[in-house]
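Engineer: Residue numbers (this note's numbering), protein chains in the order written: chain D, 1 to 328; chain W, 1001 to 1328.
Don't be surprised by glycine CBs; every beta carbon is placed ideally from N, CA and C.
Note that the coordinates shown come from a computational prediction; the quantities given were computed from them, not determined experimentally.
Following this line, the structure appears as structure tokens:
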């Protein structure tokens, strides 16, 4: 009999999706959020679970766990262009958990929600063997502004918000110094791109969108599968995080570009956009202080290629397993 | 330093509620569902987590786990009188979990959602050490039909839908025979009272409402705290489940009334209603084949008394710990 370890989580999710009854008023499974048709608007819903053994590094403080839980859920609302309405959090905690831990966990969740214009509206606490946290965020948006994962067309520009590799920089900074605070915040307290998502949605120019929770390469492979297209990514165009410049010297083993391409946890938005609409979109975002960088194009050929020094190579599909999300 | 085991879960939830920032557009914490103000309507949201060690009895099949997860969440929507819009499910599962387990878990969740007029719209899967399942249900309703936990007035009739003690009967039937199927279904495949909740909400007669997940006594103590009232419950008026009559003979140790009063998991609705509105409400529910039984009255004095053979005794606050929910 097959076990989940043999199937892999993607196949497991396909199995789940094949069983579930499709609702009349929802878009079905496979996007960052479920979208429920409420007439003129969609209700967006997304849920993410994190557990101690596989998703919570030992350096993460309880405050950061709370922040992270809320941030990764709000990031899915951001990727569709929605406005959050609230978040519910379920805390599965061992009996021996201290009151201080619970307070800090709650403060972190609350702070992230409030920072991004929403609140924790409820939740649940249960006794578990290992720390297991589950968040559900919900939001709303006009139906015609919804940015699906599906819709990328050959010729479209591939673009990302912000910079890439900062979570990877944080990870390696922590490897070197467990008490490192500044860089590790980029890894442990991600910033959901809600403002960016709203602006992009209002411009009606995006053909497909998802958040970069799993890393750029893994995300491109997901978009390729959904859209039956390919991508050509220009390595030199990648907006490397300043954290990488400052801390990744030649004597250091991790390649900054490799972190920008493959390390998950940056929680920026990855979008495709028709070339004639790119400049106006970029200018609008710039006015709001947001970096928006073209990193390649959508191609008809279903391959994902990396352009480097005038040659094209296949981009490997490497998503780091830790912090990996498995939405279905 | 205090630990959760010292605090108890109710105090833990009070600590959480004290920290959280209150949103402009929601009713705050302490009811079965969060209610977000959407103009004429409320968006209802509720979440529940269950874990292997504390909430999943060994006889529960994977199908029943899925059913149970969805049912307990829909029960919270029912208690407010809402109509479900969808459910998201997060499955935290060990690596060694079989594909068959995942299929059955998914089928159970799907079947419960579809049975009660809704669907599973999305979710998450993560690797965990022990089985940990988290569901979030959301629904909608007209604001003026919302049945809060708060609003009970002295003189109101206390009433319940359906019958009491069937989950307890299922529990003891399983204790006697691990392969018992018929009675244990009442424990392991609860039926959320969505039809009952909608009918009650539309009548605009209910002053307070909650679901009986924790058992009648524990639920009355919760309503007492919220409403600053007391209750007098008539023991002989309790609508004992037929499952108790048939299987709890004199030689059996568990007292049927004790199960009806204290055993959680019946997932009926407990409501208060002004006496002049009781008969019409009862008749309306009867037309739909629903049993609706007056079991006592709301009193000014903040005590919960049980009337038995002409005497009044304090009703003890005994909620069974297994299947106990801890919403905040």
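For residue 75 of chain D, count the other beta carbons within 10 Å of its own beta carbon; 16 or more makes it buried, fewer makes it exposed. Which is it?
Structural biologist: Residue 75 of chain D comes out buried.
Engineer: Indicate the three-state DSSP secondary structure (helix, strand or coil) for residue 1057 of chain W in the structure shown.
Structural biologist: Correct three-state label for residue 1057 of chain W: coil.
Engineer: Give a yes or no on whether the minimum CB-CB distance between residue 1348 of chain W and chain D is below 8 Å.
Structural biologist: Only positions 1001 to 1328 of chain W appear in this structure, which leaves residue 1348 of chain W out of reach.
Engineer: Please name the residue or residues paired with residue 233 of chain D in a DSSP beta bridge.
Structural biologist: According to DSSP, residue 233 of chain D bridges with D/296, D/306.
Engineer: Taking the alpha carbon of residue 1079 of chain W as the point to measure from, which residue in W/1213, W/1004, W/1092, W/1114 has its own alpha carbon closest?
Structural biologist: The shortest Cα separation from residue 1079 of chain W among W/1213, W/1004, W/1092, W/1114 belongs to W/1213.
Engineer: Is the beta carbon of residue 1265 of chain W closer than 8 Å to that of residue 984 of chain W?
Structural biologist: In the structure as shown, chain W starts at 1001 and stops at 1328, and residue 984 of chain W therefore has no counterpart that could be examined.
Engineer: How would you list, in chain order, the residues of chain D whose beta-carbon sits under 7 Å from the beta-carbon of residue 1281 of chain W?
Structural biologist: Correct list: empty, because the minimum Cβ distance to chain D is about 28 Å.
Engineer: Comparing C-alpha positions only, which one of W/1119, W/1116, W/1111, W/1134 sits nearest to residue 1089 of chain W?
Structural biologist: The candidate whose alpha carbon is nearest that of residue 1089 of chain W is W/1134.
Engineer: Looking at the unbroken alpha helix (DSSP H) that takes in residue 197 of chain D, where does it start and where does it end?
Structural biologist: Where residue 197 of chain D is concerned, the enclosing alpha helix (DSSP H) stretches over 194-202.
Engineer: Please give the ranges of any beta strand (DSSP E) in the region 1130-1213 of chain W, keeping only runs that are unbroken, at least 3 residues long and fully inside the region.
Structural biologist: Counting whole runs of 3 or more residues, the region 1130-1213 of chain W contains the beta strand (DSSP E) stretches 1132-1142, 1157-1161, 1208-1211.
Engineer: Using a Cβ-Cβ distance under 8 Å, would residue 1061 of chain W count as near chain D?
Structural biologist: It does not: the Cβ of residue 1061 of chain W has no partner Cβ on chain D nearer than 8 Å.
Engineer: Would you say residue 1003 of chain W and residue 95 of chain D are within 8 Å of each other, going by their C-beta atoms?
Structural biologist: Closer than 8 Å, so yes.
Engineer: Counting only Cβ pairs nearer than 9 Å, list the residues of chain W close to residue 1 of chain D.
Structural biologist: Chain W residues near residue 1 of chain D: 1098, 1099, 1100.
Engineer: Which of the three DSSP states, helix, strand or coil, is assigned to residue 31 of chain D?
Structural biologist: In the structure shown, residue 31 of chain D sits in coil (DSSP, three-state: anything other than H, G, I, E or B).
Engineer: Does residue 1085 of chain W come out as helix, strand or coil in the three-state DSSP assignment?
Structural biologist: Note: residue 1085 of chain W maps to strand in three-state DSSP.
Engineer: I need the DSSP call for residue 1126 of chain W, collapsed to helix, strand or coil.
Structural biologist: If DSSP states are grouped into helix, strand and coil, residue 1126 of chain W belongs with the strands.
Engineer: So which residues of chain D does residue 1034 of chain W contact, with C-beta pairs closer than 8 Å?
Structural biologist: Within chain D, the residues near residue 1034 of chain W are 86, 88, 121, 122.
Engineer: May I have the straight-line CA-CA distance separating residue 216 of chain D from residue 260 of chain D, to the nearest angstrom?
Structural biologist: When rounded, the distance between both Cα atoms is 7 Å.
Engineer: Sorted by chain position, which residues of the same chain lie with C-beta nearer than 8 Å to residue 1199 of chain W's C-beta, five sequence neighbours on each side aside?
Structural biologist: For residue 1199 of chain W, where only same-chain residues beyond five positions count, the Cβ hits under 8 Å are 1284, 1285, 1288, 1290.
Engineer: Within the same chain, show all residues whose beta-carbon is closer than 6 Å to that of residue 275 of chain D, passing over the 5 residues directly before and after it, in chain order.
Structural biologist: Once the five neighbours on either side are set aside, the close Cβ partners of residue 275 of chain D are 157.
Engineer: Apart from the five residues on each side of it in sequence, which residues of its chain come closer than 7 Å, Cβ to Cβ, to residue 1064 of chain W?
Structural biologist: Here the set comprises 1108, 1188, 1189.
Engineer: When you compare only the Cα positions, how much space is there between residue 1110 of chain W and residue 10 of chain D?
Structural biologist: Whole-angstrom Cα-Cα distance: 19 Å.
Engineer: What are the boundary residues of the alpha helix (DSSP H) that includes residue 1221 of chain W?
Structural biologist: That run of the alpha helix (DSSP H) goes 1216-1227.
Engineer: Kindly indicate which three-state DSSP category residue 1007 of chain W falls into: helix, strand or coil?
Structural biologist: In the structure shown, residue 1007 of chain W sits in a helix (DSSP, three-state: H, G or I).
Engineer: Reducing DSSP to helix, strand and coil, say where residue 315 of chain D ends up.
Structural biologist: In this structure, residue 315 of chain D counts as coil in the three-state DSSP scheme.
Engineer: Against chain W, which members of the region 128-148 of chain D pass a CB distance test of less than 7 Å?
Structural biologist: Residues passing the 7 Å Cβ filter: 128, 129, 130, 132, 134, 136, 138.
Engineer: Whole-angstrom Cβ separation of residue 1051 of chain W and residue 123 of chain D, contact assumed at under 8 Å?
Structural biologist: That pair is no contact at about 15 Å.
Engineer: When every heavy atom of the ligand GTP is checked, does at least one fall within less than 7 Å of the C-beta of residue 1184 of chain W?
Structural biologist: Questions concerning the ligand GTP fall outside what the structure shown contains, since it holds no ligand whatsoever.
Engineer: Counting only C-beta atoms, is residue 234 of chain D closer than 8 Å to chain W at any point?
Structural biologist: It does not: the Cβ of residue 234 of chain D has no partner Cβ on chain W nearer than 8 Å.
Engineer: For the region 1228-1242 of chain W and the region 1177-1184 of chain W, state whether three or more C-beta atom pairs, one from each stretch, are separated by less than 8 Å.
Structural biologist: No: the two stretches stay apart, fewer than three of their Cβ pairs being nearer than 8 Å.
Engineer: Hey, residue 241 of chain D and residue 166 of chain D are a contact pair by Cβ (cut 8 Å); roughly how many whole angstroms apart?
Structural biologist: Confirmed, Cβ separation roughly 4 Å.
Engineer: Could you confirm whether any beta carbon from chain W is found closer than 8 Å to the beta carbon of residue 218 of chain D?
Structural biologist: Judged by the 8 Å Cβ criterion, residue 218 of chain D is not in contact with chain W.
Engineer: Note down, in chain order, every chain D residue with its Cβ under 8 Å from the Cβ of residue 1048 of chain W.
Structural biologist: Those are 90, 124, listed as they occur along chain D.
Engineer: I need the DSSP call for residue 1012 of chain W, collapsed to helix, strand or coil.
Structural biologist: Here residue 1012 of chain W sits in helix by DSSP.
Engineer: With respect to the beta strand (DSSP E) encompassing residue 269 of chain D, which residues constitute its N-terminal and C-terminal limits?
Structural biologist: Where residue 269 of chain D is concerned, the enclosing beta strand (DSSP E) stretches over 269-273.
Engineer: Taking the alpha-carbon of residue 105 of chain D as reference, which of D/307, D/309, D/68, D/17 has the nearest alpha-carbon?
Structural biologist: It is D/68.
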